[in-house]
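**Student:**
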Ligand SMILES: CC(C)(COP(=O)(O)OP(=O)(O)OC[C@H]1O[C@@H](n2cnc3c(N)ncnc32)[C@H](O)[C@@H]1OP(=O)(O)O)[C@@H](O)C(=O)NCCC(=O)NCCS
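Residue numbers (UniProt numbering): 1 to 243.
(1) Using the rule of at least 16 other Cβ atoms within 10 Å of the residue's Cβ for burial, across every protein chain shown, is residue 12 buried or exposed?
(2) Return the chain-ordered ranges of every alpha helix (DSSP H) run that is complete within the region 50-110 and spans a minimum of 4 residues.
(3) Between the beta-carbon of residue 168 and the beta-carbon of residue 143, is there less than 7 Å?
(4) Name the one or two DSSP bridge partners that residue 196 has.
(5) Using the Cβ count rule (16 or more neighbours within 10 Å means buried), how would you classify residue 219?
(6) According to DSSP, is residue 147 helix, strand or coil?
(7) Figure out for me which residue from 149, 60, 80 has the closest Cα to the Cα of residue 120.
(8) Hey, could you find the ends of the alpha helix (DSSP H) residue 6 is sitting in?
(9) Would you tell me roughly how many angstroms separate the C-alpha atoms of residue 198 and residue 133, rounded to the nearest one?
(10) May I ask you to report which of helix, strand or coil DSSP gives residue 44?
(11) Looking at the structure shown, is residue 220 part of a helix, part of a strand, or coil, going by DSSP?
(12) Within 10 Å of its beta-carbon, does residue 53 have 16 or more other beta-carbons around it, so buried, or fewer, so exposed?
(13) Give a yes or no on whether the C-beta atoms belonging to residue 175 and residue 215 are separated by under 7 Å.
(14) Could you name the residues of the same chain whose beta carbon sits closer than 8 Å to that of residue 105, not counting the 5 residues immediately before and after it, in chain order?
(15) Based on Cα-Cα distance, which residue from 206, 10, 217 lies nearest to residue 196?
(16) Check the DSSP bridge columns for residue 130 and list the partner residues they point to.
(17) Does the Cβ of residue 189 lie closer than 6 Å to at least one heavy atom of ligand 1?
(18) From the DSSP output, in three-state form, read off residue 208 for me.
(19) In the DSSP assignment, what are the bridge partners of residue 176?
(20) Under 7 Å Cβ to Cβ from residue 325, same chain only, skipping five residues before and after it: list those, please.
(21) Would you say residue 155 touches ligand 1, meaning its beta carbon is less than 6 Å from a heavy atom?
(22) Between residue 201 and the rest of its own chain, which residues show a CB-CB distance below 7 Å, the 5 nearest in sequence each way excluded?
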């Protein structure tokens, strides 16, 4: 048995500290995810963004847990996903498995952002969840789907902006998503909205048909906060109180 040198003792102390810090970071992340999943009024984080008006669209949005969602709206979301995505899934390694998709879309942790036109018909939705992904608290965007007649009017972009606001408010570090590489419209859309290849994306040799994209919440949120009015300030205090 030999005696450890002072240098190696301090190295292992550093390693222990780094391990502890990492464990604390993950535990904190898990706490934020648990708290976010319990929130019942996510609209307080993004009230003014839920109304979307421009020359072509008058849209109102709301957010609900899947368990509270109207069954007809959930069925519409499933149908729209099938109409928009079935062919794309069929032409890649995943294939289209409706049962699996429905199971994913009806998971108890699923949140839905629903956008409805003035006449009441649904136009777009996002299915998202708060989750610990690779040890980091993230808002994972499972779907963003817009009806054909509602596209290229900025609605998809507004939906992502709302998710980004929610992610920041609940202390998620990223909005993260999985995108099919052979869906050029989606690729152009996510890039235009500031999403880039995430460090957790698999190398092309392992999986060429999809990639993980993300946007960090920090800087974007700081920009948003600067342009906030007084009511946002009150919301921010409310957010702190909720957490
Ligand atoms: C991808 C999708 C969500 C985009 O929604 P959208 O409401 O049409 O997008 P926006 O109008 O907000 O577009 C914002 C910007 O993204 C880019 N963009 C959006 N759609 C694009 C397309 N088809 N081709 C090229 N760029 C596109 C543009 O830069 C656009 O700005 P511009 O219209 O001023 O040029 C929508 O086309 C859709 O539902 N597609 C089918 C389902 C799908 O692929 N979902 C994504 C994977 S889950």
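In this text, a Cβ means the ideal position worked out from N, Cα and C, and glycines have one as well. Quantities reported herein were computed from a predicted structural model and do not represent experimental measurements.
**Tutor:** If we stick to the structure as given:
(1) Position 12 of the chain shown, counted from the start, is the residue given in the question as residue 12. Result: exposed.
(2) 71-90, 98-105
(3) Against the chain shown, residue 168 aligns to sequence position 168. Against the chain shown, residue 143 aligns to sequence position 143. For residue 168 and residue 143, no; Cβs fall outside 7 Å.
(4) Position 196 of the chain shown, counted from the first residue, corresponds to residue 196. Residue 196 pairs with 214.
(5) Position 219 of the chain shown, counted from the first residue, corresponds to residue 219. Residue confidence is low: residue 219 scores 47 on pLDDT, short of 50, so the model does not pin down where it sits. Its coordinate-derived value is still stated next. Its Cβ having fewer than 16 others within 10 Å, residue 219 is exposed.
(6) As a working note, residue 147 is residue 147 in the chain shown. Looking at residue 147 - three-state DSSP - the assignment turns out to be coil, as it is neither helix nor strand.
(7) Here residue 120 corresponds to residue number 120 of the chain shown, with the count starting at 1. The candidate whose alpha carbon is nearest that of residue 120 is 60.
(8) Residue mapping note: residue 6 aligns to position 6 of the chain shown, counting from 1. Here the alpha helix (DSSP H) through residue 6 covers 6-38.
(9) For the purposes of this step, residue 198 is identified with residue 198 of the chain shown, where counting begins at 1. For the purposes of this step, residue 133 is identified with residue 133 of the chain shown, where counting begins at 1. Their backbone Cα atoms lie some 12 Å apart in a straight line.
(10) In the chain shown, the residue the question calls residue 44 occupies position 44. DSSP places residue 44 in helix when its eight states are reduced to three.
(11) Here residue 220 corresponds to residue number 220 of the chain shown, with the count starting at 1. Confidence at residue 220 is low in this model, with a pLDDT of 43, below 50, so the placement of that residue should be treated as unreliable; the coordinate-derived value is given next. Helix, per DSSP.
(12) Taking the first residue of the chain shown as 1, we reach residue 53 at position 53. Burial call: exposed.
(13) Stepping through the chain shown from its first residue, residue 175 is reached at position 175. Stepping through the chain shown from its first residue, residue 215 is reached at position 215. It is a contact, given that the beta carbons lie within the stated cut-off.
(14) Counting from 1 along the chain shown, the entry for residue 105 is found at position 105. Only 66, 74, 77, 78, 81, 127, 142, 143 meet the Cβ criterion.
(15) Locating residue 196 in the chain shown gives position 196, counting from the first residue. The shortest Cα separation from residue 196 among 206, 10, 217 belongs to 217.
(16) Residue 130 sits at position 130 when you count from the first residue of the chain shown. 139, per the DSSP bridge assignment.
(17) Position 189 of the chain shown, counting from 1, holds the residue named residue 189. True, at least one ligand heavy atom lies under 6 Å from that Cβ.
(18) Counting from 1 along the chain shown, the entry for residue 208 is found at position 208. Note: residue 208 maps to coil in three-state DSSP.
(19) Taking the first residue of the chain shown as position 1, residue 176 is located at position 176. The partner list for residue 176 (beta bridge, DSSP) reads 140, 214.
(20) Here the chain covers residues 1 to 243 and nothing more, so residue 325 does not appear.
(21) For the purposes of this step, residue 155 is taken as residue 155 along the chain shown, with counting starting at 1. Yes; taking the cut-off as 6 Å, the Cβ of residue 155 has a heavy atom of ligand 1 nearer than that.
(22) If you number the chain shown from 1, residue 201 lands on position 201. So the qualifying residues of the chain are 211, 212.
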